[in-house]
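**Q** Structure in structure tokens, see below.
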Amino acid sequence: MRMSTTLNCVVELVIKHFKESTRGNGLTERRANIISTWNDRVFDTGATKKDIAELEKKLQIPIIVKMFPDRVFYNSGCYQSNGRKPVEILDHNFHGWGVNDGNFPSTKTIRYYTGDMFKWIKSNMKDVPVNVWLFRGGNDYDQFVMRNDSVKDNCDSGIIYRTEELQNEMIEFAK
Numbered sequence: 111m112r113m114s115t116t117l118n119c120v121v122e123l124v125i126k127h128f129k130e131s132t133r134g135n136g137l138t139e140r141r142a143n144i145i146s147t148w149n150d151r152v153f154d155t156g157a158t159k160k161d162i163a164e165l166e167k168k169l170q171i172p173i174i175v176k177m178f179p180d181r182v183f184y185n186s187g188c189y190q191s192n193g194r195k196p197v198e199i200l201d202h203n204f205h206g207w208g209v210n211d212g213n214f215p216s217t218k219t220i221r222y223y224t225g226d227m228f229k230w231i232k233s234n235m236k237d238v239p240v241n242v243w244l245f246r247g248g249n250d251y252d253q254f255v256m257r258n259d260s261v262k263d264n265c266d267s268g269i270i271y272r273t274e275e276l277q278n279e280m281i282e283f284a285k
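The opening residue of the sequence shown carries number 111 in this note's numbering; numbering runs sequentially from there.
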């Protein structure tokens, strides 16, 4: 099977689903081969509804794709009576996310960035898709929040990025 950096986002979520499954529903060699073959076929073009239906049929596990915020894009209704938990995917900006990836973190650590916020995000996040919540102060965006994936097993932890100047202004305003 390919390295995870060359996997389609849908494939990454399906593999994660199987790895977290219990009692015989894990990622078997047969399932890994089906997923890998499917990934090779759809990697360059992206997955369509028809492609997802094909993967669902081959794996015989329900796959549900929702559009942000909560509209169902794909749910065949098949394979749901076999007692297996469905693979749930949130489609946002043509990228597949886990259903918990869209939750706004409640605990936040403050970090500073310098320069243009959008350029900073682009240069520091490279080509890794991430959820970022942007905040507007006055006429422009001046801070953002993203999930802190370095905190294991805590999808509620986040990092708020702002300029040090903005932080000092906020402290002064609060006094």
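Every residue gets a Cβ at the ideal spot worked out from N, C-alpha and C, and that includes glycine.
Let me confirm a value: I220 is counted as buried when at least 16 other C-beta atoms fall within 10 Å, else exposed. Which label applies?
**A** What you label residue 220 is simply residue 110 of the sequence shown in a count that begins at 1. Per the 10 Å Cβ criterion, exposed.
**Q** Buried or exposed for G268, going by 16 or more other Cβ atoms inside 10 Å?
**A** Start at 1 with the first residue of the sequence shown, and residue 268 comes out as number 158. The residue in question, G268, is buried, as its Cβ has 16 or more Cβ neighbours within 10 Å.
**Q** Indicate the three-state DSSP secondary structure (helix, strand or coil) for L137 in the structure shown.
**A** Residue mapping note: residue 137 aligns to position 27 of the sequence shown, counting from 1. Residue state, collapsed to three classes: coil.
**Q** Can at least three beta-carbon pairs, one atom from the stretch 150-159 and one from the stretch 123-133, be found at a separation below 8 Å?
**A** Taking 8 Å as the limit for Cβ pairs, the verdict is that the stretch 123-133 does not touch the stretch 150-159.
**Q** Could you check where the alpha helix (DSSP H) with V240 kicks off and where it finishes?
**A** Counting from 1 along the sequence shown, the entry for residue 240 is found at position 130. Where V240 is concerned, there is no enclosing alpha helix (DSSP H), given that its DSSP letter is neither H nor E.
**Q** Once DSSP output is grouped into helix, strand and coil, what is the label at R151?
**A** Within the sequence shown, numbered from 1, the residue matching residue 151 stands at position 41. Of the three classes helix, strand and coil, the one that applies to R151 here is helix, per DSSP.
**Q** Whose C-alpha, out of S233, S146 and F228, is nearest the C-alpha of R246?
**A** As a working mapping, residue 246 is identified with position 136 in the sequence shown. Here the closest residue by C-alpha is F228.
**Q** Does the beta-carbon distance from E166 to S146 come in below 8 Å?
**A** Numbered from 1 along the sequence shown, position 56 holds the residue referred to as residue 166. Numbered from 1 along the sequence shown, position 36 holds the residue referred to as residue 146. No. Outside cutoff.
**Q** Mapping DSSP to helix, strand and coil, what is Q253?
**A** As a first step, residue 253 is located in the sequence shown; it is residue number 143 there, counting from the start. Strand, per DSSP.
**Q** Spatial neighbours of D226 within its chain, please: CB distance less than 8 Å, with the 5 preceding and 5 following residues excluded, ordered by chain position.
**A** One-based indexing of the sequence shown puts residue 226 at position 116. Excluding residues within five positions, none has a Cβ falling inside 8 Å.
**Q** Express the C-alpha separation of E164 and D154 in angstroms, rounding to a whole number.
**A** For the purposes of this step, residue 154 is identified with residue 44 of the sequence shown, where counting begins at 1. For the purposes of this step, residue 164 is identified with residue 54 of the sequence shown, where counting begins at 1. Each residue's Cα considered, the two are about 17 Å apart.
**Q** Hey, how far is the Cα of K244 from the Cα of I144?
**A** Taking the first residue of the sequence shown as position 1, residue 244 is located at position 134. Taking the first residue of the sequence shown as position 1, residue 144 is located at position 34. The question names Lys, but residue 244 in the sequence shown is Leu. Taking the straight line from one Cα to the other gives about 39 Å.
**Q** Using the Cα positions of V152 and I270, report the straight-line distance between them to the nearest angstrom.
**A** Taking the sequence shown and counting its residues from 1, one reaches residue 152 at position 42. Taking the sequence shown and counting its residues from 1, one reaches residue 270 at position 160. For V152 and I270, the distance between alpha carbons rounds to 35 Å.
**Q** In three-state terms, what does DSSP make of N118?
**A** Position 8 of the sequence shown, counted from the start, is the residue given in the question as residue 118. Coil.
**Q** Please name the residue, chosen from W148, R140, E139 and A142, that lies closest to N118 on a Cα-to-Cα basis.
**A** The sequence position of residue 118 within the sequence shown is 8, counting from 1. Ranking W148, R140, E139 and A142 by Cα distance to N118 puts W148 first.
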